[in-house]
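See below for the structure under consideration.
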Amino acid sequence: MKIAAGDYNRDGKDDILCLYPGSGGPGSNSILYTFLSNGTALGSATQRYESSAGVLLWNNCTLRAGDVNHDGYDDAIIQQDLGGNTTCLVVIKSPPATGNVAGYNARSGSVVRGGYTNSYGNYYLTNVPGGIYTAAVVKSGYYTSYFTVISIGGTTRGNQNHAISPRVASGTYRIVLTWGASPSDLDSHFTGPIYNSTSRFHIYFSNKTNYNGSTLMAQLDHDDTSSYGPETVALYHRLSGTYRYSVYNYSSGGQGTGLSASSAKVQVYTSSGLVATFNVPAGRTGGLWTVFEIRNGTIYPINTVANFSGGSSGVTSSKHK
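Counted from 1, the sequence shown has number 156 at position 146 by the working numbering; the numbering is strictly sequential.
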(Lines of atoms letter the chains of each structure in order from A and count residues from 1; the text may use other names and numbers.)
(Lines give C-alpha, C1' and ligand atoms only; values in the text may rest on other atoms or scores of the structure.)
Protein backbone atom coordinates (compact mmCIF):
# COMPACT_ATOMS: atom_id res chain seq x y z
CA MET A 1 0.00 0.00 0.00
CA LYS A 2 0.96 3.64 -0.38
CA ILE A 3 0.10 5.93 2.51
CA ALA A 4 -0.19 9.61 3.39
CA ALA A 5 -1.23 11.40 6.59
CA GLY A 6 -3.59 14.35 6.98
CA ASP A 7 -6.65 15.65 8.82
CA TYR A 8 -9.38 14.34 6.52
CA ASN A 9 -12.39 15.03 8.77
CA ARG A 10 -11.23 18.36 10.27
CA ASP A 11 -11.19 17.21 13.89
CA GLY A 12 -7.62 18.29 14.62
CA LYS A 13 -6.23 14.75 14.41
CA ASP A 14 -4.16 13.38 11.54
CA ASP A 15 -5.75 10.38 9.82
CA ILE A 16 -4.19 7.85 7.45
CA LEU A 17 -5.02 7.61 3.75
CA CYS A 18 -4.05 4.39 1.91
CA LEU A 19 -3.90 3.60 -1.78
CA TYR A 20 -4.27 -0.14 -2.44
CA PRO A 21 -4.10 -2.02 -5.74
CA GLY A 22 -7.41 -3.35 -7.07
CA SER A 23 -8.37 -7.00 -7.34
CA GLY A 24 -6.28 -7.31 -10.52
CA GLY A 25 -3.05 -6.67 -8.61
CA PRO A 26 -0.46 -3.86 -8.70
CA GLY A 27 -0.77 -3.45 -12.47
CA SER A 28 -4.51 -2.77 -12.30
CA ASN A 29 -6.57 0.05 -10.81
CA SER A 30 -6.35 1.79 -7.41
CA ILE A 31 -8.62 1.87 -4.35
CA LEU A 32 -8.50 4.69 -1.81
CA TYR A 33 -9.16 3.99 1.90
CA THR A 34 -9.10 6.14 5.03
CA PHE A 35 -8.31 5.12 8.61
CA LEU A 36 -9.72 7.90 10.84
CA SER A 37 -7.99 8.67 14.14
CA ASN A 38 -9.75 9.24 17.48
CA GLY A 39 -6.54 10.44 19.09
CA THR A 40 -5.52 7.11 20.56
CA ALA A 41 -6.22 4.58 17.79
CA LEU A 42 -7.15 4.28 14.14
CA GLY A 43 -10.62 3.20 13.08
CA SER A 44 -11.45 0.56 10.51
CA ALA A 45 -10.67 1.07 6.85
CA THR A 46 -13.35 2.92 4.90
CA GLN A 47 -13.29 2.74 1.10
CA ARG A 48 -13.56 6.24 -0.34
CA TYR A 49 -12.98 5.69 -4.03
CA GLU A 50 -12.09 3.06 -6.65
CA SER A 51 -10.79 3.94 -10.11
CA SER A 52 -12.10 2.22 -13.21
CA ALA A 53 -10.22 -0.77 -14.62
CA GLY A 54 -7.07 0.32 -16.43
CA VAL A 55 -7.20 3.84 -14.93
CA LEU A 56 -4.87 5.12 -12.17
CA LEU A 57 -2.68 2.05 -12.40
CA TRP A 58 -1.37 1.48 -8.86
CA ASN A 59 2.15 0.61 -10.01
CA ASN A 60 2.48 4.03 -11.67
CA CYS A 61 0.89 6.17 -8.93
CA THR A 62 2.19 8.19 -6.00
CA LEU A 63 0.04 9.47 -3.11
CA ARG A 64 0.35 12.74 -1.22
CA ALA A 65 -1.95 14.82 0.99
CA GLY A 66 -2.63 18.51 1.51
CA ASP A 67 -5.36 21.13 1.76
CA VAL A 68 -5.45 21.95 -1.94
CA ASN A 69 -8.63 24.07 -1.91
CA HIS A 70 -8.04 25.72 1.50
CA ASP A 71 -11.27 24.46 3.07
CA GLY A 72 -9.66 23.07 6.22
CA TYR A 73 -9.69 19.46 5.00
CA ASP A 74 -6.63 17.64 3.71
CA ASP A 75 -7.24 16.27 0.21
CA ALA A 76 -5.81 13.19 -1.51
CA ILE A 77 -3.43 13.96 -4.35
CA ILE A 78 -2.69 11.09 -6.74
CA GLN A 79 -0.15 11.40 -9.54
CA GLN A 80 0.10 8.78 -12.29
CA ASP A 81 2.99 8.46 -14.72
CA LEU A 82 1.40 7.94 -18.15
CA GLY A 83 4.70 7.43 -19.99
CA GLY A 84 6.02 9.48 -22.90
CA ASN A 85 6.91 12.39 -20.59
CA THR A 86 3.27 12.88 -19.61
CA THR A 87 1.63 12.68 -16.21
CA CYS A 88 -1.86 12.80 -14.73
CA LEU A 89 -2.69 14.60 -11.47
CA VAL A 90 -5.95 13.82 -9.65
CA VAL A 91 -7.21 15.56 -6.51
CA ILE A 92 -9.89 13.80 -4.46
CA LYS A 93 -11.44 16.26 -2.03
CA SER A 94 -11.75 15.29 1.61
CA PRO A 95 -13.75 14.08 3.27
CA PRO A 96 -14.02 12.09 0.02
CA ALA A 97 -17.27 10.31 -0.73
CA THR A 98 -17.67 6.93 -2.38
CA GLY A 99 -18.82 7.24 -5.99
CA ASN A 100 -18.60 10.30 -8.21
CA VAL A 101 -15.15 11.77 -7.69
CA ALA A 102 -13.85 14.28 -10.20
CA GLY A 103 -14.44 12.76 -13.64
CA TYR A 104 -14.48 9.13 -12.54
CA ASN A 105 -17.85 7.40 -12.67
CA ALA A 106 -19.60 10.77 -12.74
CA ARG A 107 -23.09 10.17 -14.15
CA SER A 108 -24.61 13.57 -13.58
CA GLY A 109 -23.65 17.16 -14.26
CA SER A 110 -22.97 19.16 -17.40
CA VAL A 111 -21.82 17.50 -20.63
CA VAL A 112 -18.35 18.70 -21.65
CA ARG A 113 -18.42 17.31 -25.20
CA GLY A 114 -20.79 15.14 -27.21
CA GLY A 115 -20.85 13.46 -30.58
CA TYR A 116 -21.86 10.44 -32.63
CA THR A 117 -20.06 7.35 -33.86
CA ASN A 118 -19.65 6.86 -37.58
CA SER A 119 -20.78 3.76 -39.50
CA TYR A 120 -17.67 1.89 -38.29
CA GLY A 121 -18.34 2.67 -34.64
CA ASN A 122 -15.49 5.21 -34.40
CA TYR A 123 -15.93 8.41 -32.40
CA TYR A 124 -13.91 11.62 -32.27
CA LEU A 125 -14.18 14.30 -29.58
CA THR A 126 -12.13 17.44 -30.20
CA ASN A 127 -11.05 20.40 -28.06
CA VAL A 128 -11.62 18.50 -24.82
CA PRO A 129 -9.81 20.19 -21.89
CA GLY A 130 -7.17 18.03 -20.26
CA GLY A 131 -8.57 15.79 -17.55
CA ILE A 132 -10.29 12.52 -16.72
CA TYR A 133 -13.90 12.09 -17.83
CA THR A 134 -16.76 9.63 -17.78
CA ALA A 135 -18.13 8.93 -21.26
CA ALA A 136 -21.75 7.83 -21.61
CA VAL A 137 -22.75 5.77 -24.65
CA VAL A 138 -26.44 5.96 -25.53
CA LYS A 139 -28.30 4.15 -28.31
CA SER A 140 -31.96 3.19 -28.69
CA GLY A 141 -32.49 -0.50 -27.93
CA TYR A 142 -29.17 -0.76 -26.03
CA TYR A 143 -28.20 -0.41 -22.39
CA THR A 144 -26.67 2.98 -21.61
CA SER A 145 -23.05 2.30 -20.70
CA TYR A 146 -20.25 4.31 -19.10
CA PHE A 147 -16.46 4.22 -19.29
CA THR A 148 -13.52 6.43 -18.34
CA VAL A 149 -11.52 8.41 -20.90
CA ILE A 150 -8.41 10.56 -20.47
CA SER A 151 -7.67 13.79 -22.34
CA ILE A 152 -4.16 15.22 -22.50
CA GLY A 153 -3.88 18.74 -23.86
CA GLY A 154 -2.46 19.02 -27.37
CA THR A 155 -2.35 15.23 -27.79
CA THR A 156 -4.56 12.82 -29.73
CA ARG A 157 -5.18 9.84 -27.46
CA GLY A 158 -6.68 6.88 -29.30
CA ASN A 159 -7.76 3.34 -28.48
CA GLN A 160 -10.16 4.43 -25.76
CA ASN A 161 -12.70 1.82 -26.74
CA HIS A 162 -15.91 0.49 -25.28
CA ALA A 163 -18.57 -2.07 -26.18
CA ILE A 164 -22.31 -1.67 -25.62
CA SER A 165 -24.92 -4.39 -25.40
CA PRO A 166 -28.41 -4.63 -26.93
CA ARG A 167 -31.18 -5.08 -24.40
CA VAL A 168 -31.86 -8.74 -23.74
CA ALA A 169 -35.04 -10.67 -23.12
CA SER A 170 -35.98 -12.04 -19.71
CA GLY A 171 -34.06 -15.23 -18.91
CA THR A 172 -31.21 -14.43 -21.33
CA TYR A 173 -27.57 -13.93 -20.34
CA ARG A 174 -25.23 -11.99 -22.63
CA ILE A 175 -21.48 -12.24 -21.97
CA VAL A 176 -19.23 -9.64 -23.63
CA LEU A 177 -15.42 -9.99 -23.83
CA THR A 178 -13.17 -7.04 -24.72
CA TRP A 179 -9.39 -6.56 -24.42
CA GLY A 180 -6.48 -4.41 -25.58
CA ALA A 181 -4.20 -4.41 -28.61
CA SER A 182 -2.15 -7.39 -27.43
CA PRO A 183 -2.50 -10.31 -27.70
CA SER A 184 -4.40 -10.22 -30.96
CA ASP A 185 -6.46 -13.38 -30.40
CA LEU A 186 -8.32 -14.15 -27.18
CA ASP A 187 -11.13 -16.70 -27.38
CA SER A 188 -14.41 -17.07 -25.51
CA HIS A 189 -15.24 -20.54 -24.23
CA PHE A 190 -18.64 -21.37 -22.77
CA THR A 191 -19.61 -24.80 -21.49
CA GLY A 192 -22.82 -26.11 -19.98
CA PRO A 193 -25.31 -28.96 -19.60
CA ILE A 194 -27.10 -30.63 -22.50
CA TYR A 195 -30.76 -31.52 -22.07
CA ASN A 196 -31.28 -35.15 -21.07
CA SER A 197 -27.57 -35.95 -21.33
CA THR A 198 -24.53 -36.34 -19.09
CA SER A 199 -22.36 -34.64 -21.72
CA ARG A 200 -21.68 -30.91 -21.86
CA PHE A 201 -21.76 -28.53 -24.81
CA HIS A 202 -18.69 -26.46 -25.62
CA ILE A 203 -19.14 -23.21 -27.52
CA TYR A 204 -16.04 -21.59 -29.00
CA PHE A 205 -14.74 -20.56 -32.44
CA SER A 206 -15.02 -24.09 -33.89
CA ASN A 207 -18.52 -24.69 -32.55
CA LYS A 208 -20.50 -21.47 -32.23
CA THR A 209 -24.00 -22.78 -31.43
CA ASN A 210 -25.80 -25.22 -29.16
CA TYR A 211 -29.29 -26.48 -30.04
CA ASN A 212 -31.88 -28.57 -28.23
CA GLY A 213 -33.75 -29.92 -31.23
CA SER A 214 -34.65 -26.83 -33.22
CA THR A 215 -34.30 -24.48 -30.23
CA LEU A 216 -31.16 -22.36 -30.12
CA MET A 217 -29.88 -22.61 -26.55
CA ALA A 218 -26.59 -20.66 -26.69
CA GLN A 219 -24.44 -18.93 -29.31
CA LEU A 220 -21.11 -17.20 -29.95
CA ASP A 221 -21.56 -14.26 -32.32
CA HIS A 222 -18.13 -14.28 -34.02
CA ASP A 223 -14.47 -15.03 -33.41
CA ASP A 224 -12.33 -11.85 -33.20
CA THR A 225 -8.68 -12.48 -34.11
CA SER A 226 -7.44 -8.90 -34.50
CA SER A 227 -7.46 -7.43 -30.98
CA TYR A 228 -9.98 -5.55 -28.86
CA GLY A 229 -13.11 -7.68 -29.46
CA PRO A 230 -15.91 -7.65 -28.62
CA GLU A 231 -16.79 -11.33 -28.61
CA THR A 232 -20.31 -12.02 -27.36
CA VAL A 233 -21.82 -15.23 -26.05
CA ALA A 234 -25.58 -15.44 -25.42
CA LEU A 235 -27.34 -18.02 -23.27
CA TYR A 236 -30.98 -17.99 -24.34
CA HIS A 237 -32.37 -20.91 -22.33
CA ARG A 238 -30.85 -22.05 -19.04
CA LEU A 239 -31.09 -25.65 -17.82
CA SER A 240 -30.35 -26.85 -14.30
CA GLY A 241 -26.64 -27.45 -13.82
CA THR A 242 -23.40 -25.51 -14.04
CA TYR A 243 -22.38 -23.19 -16.86
CA ARG A 244 -18.79 -21.97 -17.10
CA TYR A 245 -17.24 -19.07 -19.02
CA SER A 246 -13.47 -18.97 -19.71
CA VAL A 247 -11.06 -16.95 -21.84
CA TYR A 248 -8.20 -18.70 -23.65
CA ASN A 249 -5.11 -16.96 -25.05
CA TYR A 250 -4.99 -18.57 -28.50
CA SER A 251 -2.08 -16.33 -29.49
CA SER A 252 0.21 -17.93 -26.90
CA GLY A 253 -1.18 -21.46 -26.89
CA GLY A 254 -2.41 -21.06 -23.33
CA GLN A 255 0.95 -20.03 -21.82
CA GLY A 256 2.82 -16.90 -20.72
CA THR A 257 1.81 -13.57 -19.22
CA GLY A 258 0.09 -12.02 -22.24
CA LEU A 259 -3.45 -12.77 -21.05
CA SER A 260 -2.87 -11.18 -17.66
CA ALA A 261 -1.45 -8.06 -19.35
CA SER A 262 -4.22 -7.83 -21.96
CA SER A 263 -6.63 -5.57 -20.02
CA ALA A 264 -9.30 -8.17 -20.79
CA LYS A 265 -12.72 -7.46 -19.34
CA VAL A 266 -15.85 -9.60 -19.23
CA GLN A 267 -19.29 -8.07 -18.68
CA VAL A 268 -22.50 -10.01 -18.07
CA TYR A 269 -25.91 -8.60 -18.98
CA THR A 270 -29.43 -9.81 -18.21
CA SER A 271 -32.78 -8.14 -18.69
CA SER A 272 -31.88 -6.12 -15.57
CA GLY A 273 -28.86 -4.62 -17.36
CA LEU A 274 -25.19 -5.02 -16.44
CA VAL A 275 -25.08 -7.47 -13.51
CA ALA A 276 -21.38 -8.44 -13.31
CA THR A 277 -17.97 -7.20 -14.49
CA PHE A 278 -14.72 -9.16 -14.31
CA ASN A 279 -11.22 -7.80 -15.05
CA VAL A 280 -8.42 -10.24 -15.79
CA PRO A 281 -6.11 -10.52 -12.75
CA ALA A 282 -2.84 -8.68 -13.35
CA GLY A 283 0.63 -10.05 -12.78
CA ARG A 284 -0.30 -13.71 -13.39
CA THR A 285 1.25 -16.37 -15.60
CA GLY A 286 -1.08 -18.50 -17.68
CA GLY A 287 -3.17 -18.54 -20.83
CA LEU A 288 -6.53 -19.75 -19.47
CA TRP A 289 -8.67 -17.39 -17.42
CA THR A 290 -11.58 -19.22 -15.80
CA VAL A 291 -13.88 -16.27 -15.19
CA PHE A 292 -17.16 -17.37 -13.59
CA GLU A 293 -19.88 -20.01 -13.31
CA ILE A 294 -23.65 -19.76 -13.42
CA ARG A 295 -25.32 -22.17 -11.01
CA ASN A 296 -29.10 -22.15 -10.62
CA GLY A 297 -29.24 -18.63 -12.00
CA THR A 298 -26.57 -17.20 -9.67
CA ILE A 299 -23.21 -15.92 -10.96
CA TYR A 300 -20.22 -17.22 -8.97
CA PRO A 301 -16.81 -15.58 -9.61
CA ILE A 302 -13.87 -17.95 -10.22
CA ASN A 303 -11.29 -15.48 -11.60
CA THR A 304 -8.26 -17.77 -11.80
CA VAL A 305 -5.45 -17.71 -14.37
CA ALA A 306 -3.31 -20.77 -15.13
CA ASN A 307 -1.14 -22.27 -17.84
CA PHE A 308 -3.09 -24.69 -20.02
CA SER A 309 -1.63 -27.05 -22.60
CA GLY A 310 -4.81 -28.79 -23.73
CA GLY A 311 -5.47 -26.50 -26.70
CA SER A 312 -8.77 -24.87 -27.58
CA SER A 313 -10.76 -28.09 -27.71
CA GLY A 314 -9.33 -29.20 -24.37
CA VAL A 315 -10.97 -26.42 -22.39
CA THR A 316 -13.78 -28.92 -21.76
CA SER A 317 -11.40 -31.45 -20.17
CA SER A 318 -12.37 -33.02 -16.85
CA LYS A 319 -10.32 -30.42 -15.01
CA HIS A 320 -12.81 -27.78 -16.09
CA LYS A 321 -16.10 -29.66 -15.80
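For every residue, glycine included, the Cβ atom is placed at its ideal position computed from N, Cα and C.
Exercise for the section: Helix, strand or coil for T225, going by three-state DSSP, please let me know. Expected result: The sequence position of residue 225 within the sequence shown is 215, counting from 1. DSSP places T225 in strand when its eight states are reduced to three.
Practice task
Would you kindly work out how many angstroms separate the C-alpha atoms of Y30 and S262, rounded to a whole number?
Solution key: By 1-based counting over the sequence shown, the position of residue 30 is 20. By 1-based counting over the sequence shown, the position of residue 262 is 252. Roughly 31 Å separates the two Cα atoms.
Exercise for the section: Tell me, please, which residues DSSP counts as bridged to Q277. Expected result: Indexing the sequence shown from 1 puts residue 277 at position 267. DSSP, once it has assigned bridges, lists V186, T287 as partnering Q277.
Exercise for the section: Given a cut-off of 8 Å, decide if T188 and P240 are closer than it, judged by their beta-carbon atoms. Expected result: Here residue 240 refers to the residue found at position 230 of the sequence shown. Here residue 188 refers to the residue found at position 178 of the sequence shown. In contact: P240 and T188 (Cβ atoms closer than 8 Å).
Problem - Euclidean distance between Cα positions of Y310 and V186 - result: For the purposes of this step, residue 310 is taken as the residue at position 300 of the sequence shown. For the purposes of this step, residue 186 is taken as the residue at position 176 of the sequence shown. In this structure, the straight-line span from the alpha carbon of Y310 to that of V186 is close to 17 Å.
Problem - Beta-carbon proximity list for G6, same chain, < 6 Å, skipping 5 on both sides - result: With the chain running from 11 to 331 in the structure shown, residue 6 is simply not present.
Practice task
Consult DSSP for S198 and reduce its assignment to one of helix, strand or coil.
Solution key: Residue mapping note: residue 198 aligns to position 188 of the sequence shown, counting from 1. Per DSSP, reduced to three states, the secondary structure at S198 is strand.
Exercise for the section: Along the beta strand (DSSP E) that carries K12, what are the first and last residues, could you check? Expected result: The residue given as residue 12 occupies position 2 in the sequence shown. Looking at the DSSP string, the run of the beta strand (DSSP E) that includes K12 is 12–16.
Problem - Endpoints, the beta strand (DSSP E) within which Q90 is located - result: Position 80 of the sequence shown, counted from the first residue, corresponds to residue 90. Counting along the chain, the beta strand (DSSP E) containing Q90 begins and ends at 85–93.
Exercise for the section: Would you list the one or two residues that DSSP bridges to G141? Expected result: For this step, residue 141 is matched to residue 131 along the sequence shown. Answer is S161.
Handout entry: Whole-angstrom distance between Y238 and T267, CA atom to CA atom
Key = Working through the sequence shown from its first residue, we reach residue 267 at position 257. Working through the sequence shown from its first residue, we reach residue 238 at position 228. Each residue's Cα considered, the two are about 17 Å apart.
Exercise for the section: From the DSSP output, in three-state form, read off S322 for me. Expected result: Numbered from 1 along the sequence shown, position 312 holds the residue referred to as residue 322. Three-state result, S322: helix.
Problem - Within 8 Å, strictly: CB atoms of G141 and D84 - result: Taking the sequence shown and counting its residues from 1, the one referred to as residue 141 is at position 131. Taking the sequence shown and counting its residues from 1, the one referred to as residue 84 is at position 74. Cβ atoms of G141 and D84: not closer than 8 Å.
Exercise for the section: Would you decide whether H199 is buried or exposed? Buried here means 16 or more other CB atoms lie within 10 Å of its CB. Expected result: Working through the sequence shown from its first residue, we reach residue 199 at position 189. The residue in question, H199, is buried, as its Cβ has 16 or more Cβ neighbours within 10 Å.
Practice task
Tell me whether S262 sits in a helix, a strand or coil according to DSSP, three-state version.
Solution key: By one-based count along the sequence shown, residue 262 stands at place 252. The answer is helix: DSSP assigns S262 an H, G or I state.
Exercise for the section: Count the C-beta pairs between the region 203–218 and the region 297–307 that are closer than 8 Å, then say yes if the count reaches three, no if not. Expected result: Contact between the region 203–218 and the region 297–307 is absent, because fewer than three Cβ pairs lie under 8 Å.
Handout entry: Distance between A274 and F215 (C-alpha atoms, nearest Å)
Key = Within the sequence shown, the letter at position 205 stands for residue 215. Within the sequence shown, the letter at position 264 stands for residue 274. CA-to-CA, the gap between F215 and A274 works out to about 18 Å.
Practice task
Measure the C-alpha to C-alpha separation of S180 and Q89 and round it to an integer number of angstroms.
Solution key: By one-based count along the sequence shown, residue 180 stands at place 170. By one-based count along the sequence shown, residue 89 stands at place 79. Going by the C-alpha atoms only, they are around 44 Å apart.
Problem - Backbone CA spacing between G53 and L42 [nearest angstrom] - result: Walking along the sequence shown from the start, residue 53 turns up at place 43. Walking along the sequence shown from the start, residue 42 turns up at place 32. Going by the C-alpha atoms only, they are around 15 Å apart.
Exercise for the section: Quick one: residues in its chain with C-beta nearer than 7 Å to the C-beta of N129, no 5 flanking neighbours on either side, listed in chain order? Expected result: Taking the first residue of the sequence shown as position 1, residue 129 is located at position 119. It is worth fixing the name first, because residue 129 is Ser in this sequence and not Asn. Cβ contact annotation for S129 (same chain, cutoff 7 Å, sequence separation greater than five): none.
Practice task
Using a threshold of 8 Å, state whether the C-beta atoms of V65 and T165 are closer than that.
Solution key: Looking up residue 65 in the sequence shown gives position 55. Looking up residue 165 in the sequence shown gives position 155. Contact annotation: V65 and T165 have beta-carbon atoms that are not nearer than 8 Å.
Exercise for the section: Would you mind working out which of A286, S272, G82 sits nearest V315, comparing C-alpha positions? Expected result: Reading the sequence shown from its first residue, position 305 is the one you call residue 315. It is S272.
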